[in-house]
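42 is the number of the first residue of the sequence shown in our numbering; add one for each residue after it.
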Amino acid sequence: MKDFEEFDSIVVGAGHAGCEAALALSRTGNKTLLLTISLDAIAFLACNPSIGGTAKGQLVAEVDALGGEMGIVADKTAIQIRLLNRGKGPAVQSLRAQADKNAYHTQMKKTLENQQNLLVRQGEVVDLQLDESYKIITTRLGMKYKAKSVVFATGVYLESDIIIGQCREHIGPNGFKNSQGLSASLQKLGIQLLRFKTGTPVRLHARSVDYTQMELQLGDEDVMSFSTLTEGKVENKAVCYLTYTTPKTHDIIRQNLDKAPAISGEIVGVGPRYCPSIETKVVRFADKERHQLFLEPESLDTQEMYLQGFSTSMPADLQKEMVHSVIGLEKAEIMRDAYAIEYDCIEPTQLNATLELKNIGGLFFAGQINGTSGYEEAAAQGIVAGINANLYNKGKQQLVLKRSDAYIGVLIDDIVTKGTNEPYRMMTSRAEYRLLLRQDNADMRLTEIGRQVGLVSDERYQKFKAKEAKLAQIEEALKAKVVVDAKLTALLEANNEPIPKENLRFCDLMKRNNINLFKLDEAYHLFDGEDKKMLEIVNIKIKYEGYLKQQEEEVARMLANEQVQIPPDFNYSTALGLREEAKEKLNQIKPLNLGQASRISGVSPADISVLSILIRKTKRCVFQ
Numbered sequence: 042m043k044d045f046e047e048f049d050s051i052v053v054g055a056g057h058a059g060c061e062a063a064l065a066l067s068r069t070g071n072k073t074l075l076l077t078i079s080l081d082a083i084a085f086l087a088c089n090p091s092i093g094g095t096a097k098g099q100l101v102a103e104v105d106a107l108g109g110e111m112g113i114v115a116d117k118t119a120i121q122i123r124l125l126n127r128g129k130g131p132a133v134q135s136l137r138a139q140a141d142k143n144a145y146h147t148q149m150k151k152t153l154e155n156q157q158n159l160l161v162r163q164g165e166v167v168d169l170q171l172d173e174s175y176k177i178i179t180t181r182l183g184m185k186y187k188a189k190s191v192v193f194a195t196g197v198y199l200e201s202d203i204i205i206g207q208c209r210e211h212i213g214p215n216g217f218k219n220s221q222g223l224s225a226s227l228q229k230l231g232i233q234l235l236r237f238k239t240g241t242p243v244r245l246h247a248r249s250v251d252y253t254q255m256e257l258q259l260g261d262e263d264v265m266s267f268s269t270l271t272e273g274k275v276e277n278k279a280v281c282y283l284t285y286t287t288p289k290t291h292d293i294i295r296q297n298l299d300k301a302p303a304i305s306g307e308i309v310g311v312g313p314r315y316c317p318s319i320e321t322k323v324v325r326f327a328d329k330e331r332h333q334l335f336l337e338p339e340s341l342d343t344q345e346m347y348l349q350g351f352s353t354s355m356p357a358d359l360q361k362e363m364v365h366s367v368i369g370l371e372k373a374e375i376m377r378d379a380y381a382i383e384y385d386c387i388e389p390t391q392l393n394a395t396l397e398l399k400n401i402g403g404l405f406f407a408g409q410i411n412g413t414s415g416y417e418e419a420a421a422q423g424i425v426a427g428i429n430a431n432l433y434n435k436g437k438q439q440l441v442l443k444r445s446d447a448y449i450g451v452l453i454d455d456i457v458t459k460g461t462n463e464p465y466r467m468m469t470s471r472a473e474y475r476l477l478l479r480q481d482n483a484d485m486r487l488t489e490i491g492r493q494v495g496l497v498s499d500e501r502y503q504k505f506k507a508k509e510a511k512l513a514q515i516e517e518a519l520k521a522k523v524v525v526d527a528k529l530t531a532l533l534e535a536n537n538e539p540i541p542k543e544n545l546r547f548c549d550l551m552k553r554n555n556i557n558l559f560k561l562d563e564a565y566h567l568f569d570g571e572d573k574k575m576l577e578i579v580n581i582k583i584k585y586e587g588y589l590k591q592q593e594e595e596v597a598r599m600l601a602n603e604q605v606q607i608p609p610d611f612n613y614s615t616a617l618g619l620r621e622e623a624k625e626k627l628n629q630i631k632p633l634n635l636g637q638a639s640r641i642s643g644v645s646p647a648d649i650s651v652l653s654i655l656i657r658k659t660k661r662c663v664f665q
């Protein structure tokens, strides 16, 4: 018997990153092993039982367009779905679904178990060894596995501590076993680690809540699904509620700050700025009289309710007092206490834009181990790491998504170029080309890429091509001329628009402030029976044509710098004209091109000008 079992690839961790990585690898023909500390923790929604949200909905749609699974499972297990920011422009509109926590885990586990080329195995990885072009993984039970590539997607489990008041337990989320020993093994290979922190709120019993004092939050009935493979619309099966903290809540917190680990210094890990604990919010926003809280169901088969916005690590008795001070929760029964969790993660600037470790080929990292937060950010990295581990195995050029390609490109470029000193969260403001990177056009942007890397199925691709043809047909129909007659005059007058002196096209009319495709369709019956989602995509494209063209011109300028490749062995230390800080940062990051170099913190425009000249000189010397 061999000392080890051999696979093409091994994925360590079965959270949202690990699931996408394992599916991407196995679906592209790699014999894959997925190792997880607990089979019961696969795709576990440890914090908020929701998928999507502002900017995160775009990530889910992009994962889906590349051939991933998160959107499919989210649609199947959603119990409420809403389009956020629908009153704002299309660049910031995002889907968010309340998922059934138990069903989501079950559905993803079933998908993994039924996937060919994939073995799902319970086991805690404690050691990684390098053996020429192979990696050897050892579990706590002494099992050894060998593979050409390994994806680490360990989430928040590395040496994690759960903290509630003065109580600190060396365990993982929700009481699951944590990972012990793997951090030390990674450090022995020269991998730099960070210590981060996140947290999760209390869970309350549904029967103990006074909903009459809260604002009802219904789902939307007219929105798209996350996945283009989903037939029909996602059904709303549950409701959420909005409530608020009170001055009494804030007084309780202020009077007990010495007992708050997040404030007192008991917690050393760096927490997320954009999802702080309730005590941090009260301290940071001292003049704010109240904070929004959302009460959301965890699952259709449990009475547990999630109190979004009430993350805390206060002692259990104080948590009870704090909860009872909230409107509608005066008699609420706590089923699970809130907690903070500290964990190890890696310094992400050690990675290439492919998510491969710079100094060890075939070793990839994805998800919260890279210093990010959120299920969606994890899944996005997971599918990219899986794609690139497959390409590594086959000796092919790996995939790098640009900032102009996808939110996924923005996410990865940010963490590997700038690093992060807190759990990184995706936001629309991080994407400079966000009008181009809308949720509604994710498939138009990325399906061809997913097809090229072998992840987009024939079914998905056929749907994509049919949609592409239909959109082209709608656009062509809108090029037809409109006669200036009584019908058009009435339409324009009703919408406070001037009457044109000559005939013009429907698409030209749409560029007027108060006219859109739907008003034209209502008046002229251009697209009776057509899918409104298709019409909306074309409406946005034509309505925002000027802005889209402007962003495309900005992308072209950005890509000019992206195309100036920096030799991998370029010696920044001896480069004349570069400032010392720039030399240090450039040596650390080792950017692939001039565009990436320009986004490194501490590298100035003057440094980029100098670097541009030096690169061109180097290339001339090589060709001479």
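C-beta atoms are modelled at their ideal positions from N, C-alpha and C, and glycine is treated no differently.
As computed with DSSP, LEU125 is found in a beta bridge with SER135. Secondary structure at HIS57: helix, using DSSP grouped into helix, strand and coil. For PRO608, no beta strand (DSSP E) run applies, since DSSP gives it neither H nor E. Taken through DSSP and simplified to helix, strand or coil, CYS386 comes out as strand. Non-local beta-carbon contacts of LEU160 in its own chain, meaning distances under 6 Å to residues more than five positions away in sequence, involve LEU74 in chain order. Secondary structure remark: continuous beta strand (DSSP E) runs of at least 3 residues inside the segment 276 to 307, in chain order: 281 to 285. With contacts defined by Cβ atoms closer than 8 Å, SER201 and TYR465 do not form a contacting pair.
Excluding the 5 residues flanking it on each side, MET468 has same chain C-beta neighbours closer than 6 Å at ALA96, in chain order.
The alpha carbon of ILE410 has as its nearest neighbour, out of GLN207, ASN400 and THR390, the alpha carbon of THR390.
Cβ contact annotation for GLN333 (same chain, cutoff 7 Å, sequence separation greater than five): LEU283, TYR285 and GLY350, in chain order. Taken through DSSP and simplified to helix, strand or coil, CYS208 comes out as strand.
For ALA119, the secondary structure class from DSSP, reduced to helix, strand or coil, is strand.
With a 10 Å radius around the Cβ and a threshold of 16 neighbouring Cβ atoms, ALA510 comes out exposed. Looking only at VAL497, ALA194, SER445 and CYS88, the smallest Cα-Cα distance to ARG475 is reached by SER445. In this structure, ILE581 places its C-beta atom within 8 Å of the C-beta atom of PRO131. Excluding residues up to 5 positions away in sequence, GLU330 lie with their Cβ nearer than 7 Å to the Cβ of PRO288 in the same chain. Scanning ALA194, GLN170, ILE203 and ARG181 for the CA closest to the CA of LYS187 turns up GLN170. Distance from the CA atom of ASN219 to the CA atom of ILE578, rounded to whole angstroms, is 45 Å. Here ASP648 is buried, its C-beta having at least 16 other C-beta atoms within 10 Å.
The DSSP-derived three-state label of PRO242 is strand. Here THR413 is buried, its C-beta having at least 16 other C-beta atoms within 10 Å. Taking all protein chains in view, the Cβ of PRO632 is crowded by 16 or more other Cβ atoms within 10 Å, so the residue is classified as buried. Under the three-state reduction of DSSP output, ASN429 falls in the helix class. Within the segment 127 to 189, the complete alpha helix (DSSP H) segments at least 4 residues long are 142 to 154, listed from N- to C-terminus.
For a cut-off of 8 Å, the C-beta gap from ALA140 to PRO90 is around 5 Å, short enough to register as a contact.
When the beta-carbon positions are compared, GLU538 and ARG553 come within less than 8 Å of each other. The criterion of a C-beta distance shorter than 8 Å is not satisfied by ASP251 and GLU339.
ALA65 and ILE294 have their C-alpha atoms some 46 Å from each other. In this chain, ILE401 is not harboured by any beta strand (DSSP E), its DSSP state being neither H nor E.
In terms of Cα proximity to ASN71, the closest of VAL52, LEU478 and ASP81 is VAL52. ASP44 counts as exposed, since fewer than 16 other beta carbons sit within 10 angstroms of its beta carbon.
The segment 345 to 365 makes contact with the segment 235 to 250: 3 or more CB pairs, one atom from each, lie closer than 8 Å. According to the DSSP assignment, GLU256 belongs to the beta strand (DSSP E) that extends over 256 to 258. Taking 8 Å as the cut-off, the beta carbon of ASN634 is found closer than this to the beta carbon of GLU603.
Under the three-pair Cβ rule at 8 Å, the segment 106 to 116 does not count as touching the segment 181 to 198. A check of alpha carbon separations from ASP572 across ARG248, ILE583, PHE559 and GLN637 identifies PHE559 as the nearest.
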